[in-house]
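Peer 1:
Numbering (my numbering), first residue to last: -8 to 229.
#1: Use the C-beta contact count for residue 78: other C-beta atoms within 10 angstroms, 16 or more gives buried, fewer gives exposed.
#2: Out of 126, 98, 155 and 118, point me to the one whose CA is closest to residue 56's CA.
#3: Can you say whether residue 207 is buried or exposed, counting buried as having 16 or more other CB atoms within 10 angstroms of its CB?
#4: Counting beta carbon pairs with one atom in the stretch 128 to 137 and one in the stretch 32 to 42, are three or more of them shorter than 8 angstroms?
#5: Just the C-alpha distance for residue 108 and residue 89, rounded to the nearest angstrom, thanks.
#6: From 192, 31, 95 and 172, pick the residue whose C-alpha is nearest to that of residue 67; which is it?
#7: Taking only runs that begin and end inside the stretch 55 to 129, name each unbroken beta strand (DSSP E) of 3 or more residues, in chain order.
#8: Check whether the Cβ atoms of residue 135 and residue 31 sit closer than 8 angstroms, and answer yes or no.
#9: Cα separation between residue 171 and residue 158?
#10: Rounded to the nearest angstrom, what separates residue 62 and residue 82 at their Cα positions?
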(Lines of atoms letter the chains of each structure in order from A and count residues from 1; the text may use other names and numbers.)
(Lines give C-alpha, C1' and ligand atoms only; values in the text may rest on other atoms or scores of the structure.)
Protein backbone atom coordinates (compact mmCIF):
# COMPACT_ATOMS: atom_id res chain seq x y z
CA UNK A 1 0.00 0.00 0.00
CA UNK A 2 2.82 2.39 0.87
CA UNK A 3 4.57 1.61 -2.40
CA UNK A 4 1.38 2.27 -4.36
CA UNK A 5 0.81 5.61 -2.65
CA UNK A 6 4.42 6.60 -3.25
CA UNK A 7 4.14 5.78 -6.94
CA UNK A 8 0.73 7.47 -7.19
CA UNK A 9 1.97 10.66 -5.57
CA UNK A 10 5.04 10.57 -7.75
CA UNK A 11 2.93 10.39 -10.91
CA UNK A 12 0.60 13.14 -9.68
CA UNK A 13 3.57 15.28 -8.75
CA UNK A 14 5.00 14.92 -12.24
CA UNK A 15 1.62 15.82 -13.76
CA UNK A 16 1.32 18.86 -11.51
CA UNK A 17 4.85 19.93 -12.36
CA UNK A 18 4.09 19.58 -16.07
CA UNK A 19 0.92 21.65 -15.70
CA UNK A 20 2.83 24.36 -13.85
CA UNK A 21 5.47 24.46 -16.58
CA UNK A 22 2.81 24.71 -19.29
CA UNK A 23 1.07 27.54 -17.41
CA UNK A 24 4.34 29.44 -17.08
CA UNK A 25 5.05 28.98 -20.78
CA UNK A 26 1.63 30.39 -21.67
CA UNK A 27 2.15 33.43 -19.42
CA UNK A 28 5.72 34.23 -20.48
CA UNK A 29 6.84 32.07 -23.42
CA UNK A 30 10.06 34.01 -24.01
CA UNK A 31 11.10 33.89 -20.35
CA UNK A 32 10.19 30.21 -20.09
CA UNK A 33 12.17 29.47 -23.23
CA UNK A 34 15.22 31.29 -21.88
CA UNK A 35 14.93 29.40 -18.59
CA UNK A 36 14.72 26.11 -20.47
CA UNK A 37 17.81 27.00 -22.48
CA UNK A 38 19.72 27.87 -19.32
CA UNK A 39 18.68 24.57 -17.79
CA UNK A 40 19.84 22.69 -20.89
CA UNK A 41 23.15 24.57 -20.81
CA UNK A 42 23.64 23.71 -17.13
CA UNK A 43 22.81 20.08 -17.89
CA UNK A 44 25.35 20.11 -20.70
CA UNK A 45 27.96 21.63 -18.38
CA UNK A 46 27.35 18.88 -15.82
CA UNK A 47 27.66 16.26 -18.54
CA UNK A 48 30.90 17.90 -19.65
CA UNK A 49 32.31 17.79 -16.11
CA UNK A 50 31.38 14.10 -15.78
CA UNK A 51 32.99 13.41 -19.13
CA UNK A 52 36.15 15.22 -18.04
CA UNK A 53 36.35 13.19 -14.81
CA UNK A 54 35.89 9.92 -16.69
CA UNK A 55 38.55 11.00 -19.16
CA UNK A 56 40.97 11.63 -16.29
CA UNK A 57 40.13 8.20 -14.87
CA UNK A 58 40.66 6.63 -18.27
CA UNK A 59 44.08 8.21 -18.67
CA UNK A 60 45.05 7.00 -15.19
CA UNK A 61 43.84 3.46 -15.89
CA UNK A 62 45.70 3.38 -19.19
CA UNK A 63 48.86 4.60 -17.50
CA UNK A 64 48.54 2.03 -14.70
CA UNK A 65 47.86 -0.74 -17.19
CA UNK A 66 50.90 0.26 -19.23
CA UNK A 67 53.06 0.32 -16.11
CA UNK A 68 51.77 -3.09 -15.02
CA UNK A 69 52.31 -4.51 -18.47
CA UNK A 70 55.83 -3.07 -18.58
CA UNK A 71 56.65 -4.56 -15.19
CA UNK A 72 55.21 -7.91 -16.24
CA UNK A 73 57.28 -7.88 -19.43
CA UNK A 74 60.42 -7.17 -17.42
CA UNK A 75 59.66 -10.06 -15.09
CA UNK A 76 59.20 -12.34 -18.09
CA UNK A 77 62.47 -11.12 -19.55
CA UNK A 78 64.21 -11.82 -16.22
CA UNK A 79 62.74 -15.32 -16.12
CA UNK A 80 63.91 -15.97 -19.67
CA UNK A 81 67.38 -14.75 -18.76
CA UNK A 82 67.56 -17.13 -15.77
CA UNK A 83 66.28 -19.96 -17.93
CA UNK A 84 68.95 -19.21 -20.51
CA UNK A 85 71.66 -19.28 -17.83
CA UNK A 86 70.50 -22.69 -16.68
CA UNK A 87 70.69 -23.95 -20.23
CA UNK A 88 74.07 -22.38 -20.85
CA UNK A 89 76.86 -24.98 -20.66
CA UNK A 90 79.19 -22.37 -19.31
CA UNK A 91 77.14 -22.10 -16.15
CA UNK A 92 78.72 -24.09 -13.38
CA UNK A 93 76.79 -26.71 -11.48
CA UNK A 94 77.24 -24.80 -8.25
CA UNK A 95 75.34 -21.87 -9.75
CA UNK A 96 72.40 -23.98 -10.86
CA UNK A 97 70.84 -24.20 -7.42
CA UNK A 98 70.79 -20.44 -6.90
CA UNK A 99 69.54 -19.75 -10.42
CA UNK A 100 66.78 -22.33 -10.09
CA UNK A 101 65.67 -20.87 -6.76
CA UNK A 102 65.56 -17.36 -8.23
CA UNK A 103 63.70 -18.65 -11.27
CA UNK A 104 61.09 -20.46 -9.18
CA UNK A 105 60.54 -17.40 -7.02
CA UNK A 106 60.24 -15.16 -10.11
CA UNK A 107 57.79 -17.51 -11.79
CA UNK A 108 55.59 -17.37 -8.69
CA UNK A 109 55.63 -13.59 -8.80
CA UNK A 110 54.84 -13.60 -12.51
CA UNK A 111 51.88 -15.91 -12.01
CA UNK A 112 50.51 -13.74 -9.18
CA UNK A 113 51.13 -10.51 -11.02
CA UNK A 114 49.50 -11.79 -14.21
CA UNK A 115 46.12 -11.48 -12.49
CA UNK A 116 46.83 -7.83 -11.65
CA UNK A 117 47.83 -7.13 -15.24
CA UNK A 118 44.59 -8.62 -16.56
CA UNK A 119 42.61 -6.62 -14.02
CA UNK A 120 44.32 -3.41 -15.10
CA UNK A 121 43.51 -4.18 -18.72
CA UNK A 122 39.89 -4.91 -17.81
CA UNK A 123 39.68 -1.63 -15.93
CA UNK A 124 40.83 0.17 -19.05
CA UNK A 125 38.14 -1.55 -21.10
CA UNK A 126 35.41 -0.68 -18.60
CA UNK A 127 36.46 2.95 -18.20
CA UNK A 128 36.75 3.28 -21.96
CA UNK A 129 33.16 2.03 -22.31
CA UNK A 130 32.02 4.60 -19.74
CA UNK A 131 33.98 7.28 -21.55
CA UNK A 132 32.33 6.41 -24.85
CA UNK A 133 28.89 6.37 -23.23
CA UNK A 134 29.49 9.71 -21.52
CA UNK A 135 30.85 11.16 -24.75
CA UNK A 136 27.80 9.98 -26.68
CA UNK A 137 25.47 11.43 -24.03
CA UNK A 138 27.35 14.72 -24.16
CA UNK A 139 27.04 14.84 -27.95
CA UNK A 140 23.30 14.16 -27.72
CA UNK A 141 22.83 16.95 -25.17
CA UNK A 142 24.97 19.34 -27.19
CA UNK A 143 23.03 18.53 -30.36
CA UNK A 144 19.72 18.97 -28.49
CA UNK A 145 20.84 22.37 -27.20
CA UNK A 146 21.95 23.46 -30.66
CA UNK A 147 18.70 22.23 -32.16
CA UNK A 148 16.70 23.99 -29.45
CA UNK A 149 18.49 27.28 -30.14
CA UNK A 150 17.87 26.91 -33.86
CA UNK A 151 14.25 26.05 -33.16
CA UNK A 152 13.84 29.12 -30.99
CA UNK A 153 15.39 31.28 -33.69
CA UNK A 154 12.99 29.80 -36.24
CA UNK A 155 10.05 30.29 -33.86
CA UNK A 156 11.02 33.93 -33.29
CA UNK A 157 11.34 34.45 -37.03
CA UNK A 158 7.96 32.80 -37.63
CA UNK A 159 6.40 34.91 -34.88
CA UNK A 160 7.83 38.10 -36.34
CA UNK A 161 6.67 37.12 -39.81
CA UNK A 162 3.19 36.24 -38.52
CA UNK A 163 3.00 39.56 -36.69
CA UNK A 164 4.06 41.41 -39.83
CA UNK A 165 1.50 39.50 -41.90
CA UNK A 166 -1.22 40.31 -39.37
CA UNK A 167 -0.28 43.99 -39.44
CA UNK A 168 -0.31 43.99 -43.23
CA UNK A 169 -3.69 42.22 -43.29
CA UNK A 170 -5.07 44.75 -40.82
CA UNK A 171 -3.71 47.62 -42.91
CA UNK A 172 -5.25 46.13 -46.07
CA UNK A 173 -8.59 45.71 -44.32
CA UNK A 174 -8.45 49.30 -43.09
CA UNK A 175 -7.65 50.63 -46.54
CA UNK A 176 -10.37 48.48 -48.10
CA UNK A 177 -12.85 49.89 -45.59
CA UNK A 178 -11.72 53.43 -46.42
CA UNK A 179 -12.07 52.81 -50.15
CA UNK A 180 -15.49 51.26 -49.62
CA UNK A 181 -16.50 54.34 -47.65
CA UNK A 182 -15.27 56.63 -50.41
CA UNK A 183 -17.03 54.59 -53.06
CA UNK A 184 -20.41 54.25 -51.38
CA UNK A 185 -20.89 56.43 -48.31
CA UNK A 186 -20.63 59.96 -49.72
CA UNK A 187 -22.56 59.17 -52.90
CA UNK A 188 -25.43 57.63 -51.03
CA UNK A 189 -25.65 60.58 -48.64
CA UNK A 190 -25.57 63.03 -51.54
CA UNK A 191 -28.28 61.11 -53.37
CA UNK A 192 -30.46 61.13 -50.28
CA UNK A 193 -29.92 64.88 -49.81
CA UNK A 194 -30.67 65.55 -53.48
CA UNK A 195 -33.84 63.54 -53.39
CA UNK A 196 -34.95 65.38 -50.23
CA UNK A 197 -34.28 68.75 -51.88
CA UNK A 198 -36.21 67.70 -54.96
CA UNK A 199 -39.14 66.59 -52.88
CA UNK A 200 -39.04 69.92 -50.99
CA UNK A 201 -38.98 71.86 -54.26
CA UNK A 202 -41.90 69.86 -55.60
CA UNK A 203 -43.81 70.54 -52.43
CA UNK A 204 -43.10 74.28 -52.70
CA UNK A 205 -44.22 74.32 -56.32
CA UNK A 206 -47.46 72.65 -55.35
CA UNK A 207 -48.10 75.17 -52.61
CA UNK A 208 -47.46 78.14 -54.89
CA UNK A 209 -49.77 76.78 -57.53
CA UNK A 210 -52.61 76.35 -55.09
CA UNK A 211 -52.08 79.85 -53.63
CA UNK A 212 -52.24 81.70 -56.98
CA UNK A 213 -54.95 79.65 -58.64
CA UNK A 214 -57.97 81.95 -57.53
CA UNK A 215 -56.34 84.93 -59.20
CA UNK A 216 -57.01 83.31 -62.52
CA UNK A 217 -60.76 83.12 -61.83
CA UNK A 218 -62.74 80.72 -59.87
CA UNK A 219 -65.61 80.47 -62.40
CA UNK A 220 -63.57 79.40 -65.34
CA UNK A 221 -62.82 82.95 -66.58
CA UNK A 222 -59.99 83.54 -68.96
CA UNK A 223 -56.90 85.42 -68.20
CA UNK A 224 -58.08 88.50 -70.08
CA UNK A 225 -61.37 88.57 -68.33
CA UNK A 226 -59.90 88.24 -64.90
CA UNK A 227 -57.42 91.11 -65.23
CA UNK A 228 -58.81 94.68 -64.56
CA UNK A 229 -59.27 96.95 -67.60
CA UNK A 230 -58.18 100.63 -67.67
CA UNK A 231 -60.97 103.20 -67.21
CA UNK A 232 -62.16 105.62 -69.90
CA UNK A 233 -60.96 108.54 -67.86
CA UNK A 234 -57.51 107.22 -67.90
CA UNK A 235 -57.60 107.03 -71.64
CA UNK A 236 -58.84 110.64 -71.98
CA UNK A 237 -56.10 111.95 -69.71
CA UNK A 238 -53.58 110.24 -71.78
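Using N, Cα and C, we set each Cβ at its ideal position, and we do this for glycine too. Nothing here was measured: the structure is a model prediction, and the numbers come from that model.
Peer 2: So, to answer that:
#1: exposed
#2: 118
#3: With a pLDDT of only 45 at residue 207, under the threshold of 50, the placement of this residue in the model should not be trusted, and no figure is reported.
#4: Touching, yes.
#5: Their backbone Cα atoms lie some 28 angstroms apart in a straight line.
#6: 95
#7: none
#8: By the CB criterion at 8 angstroms, residue 135 and residue 31 fall inside the cutoff.
#9: 20 angstroms
#10: 27 angstroms
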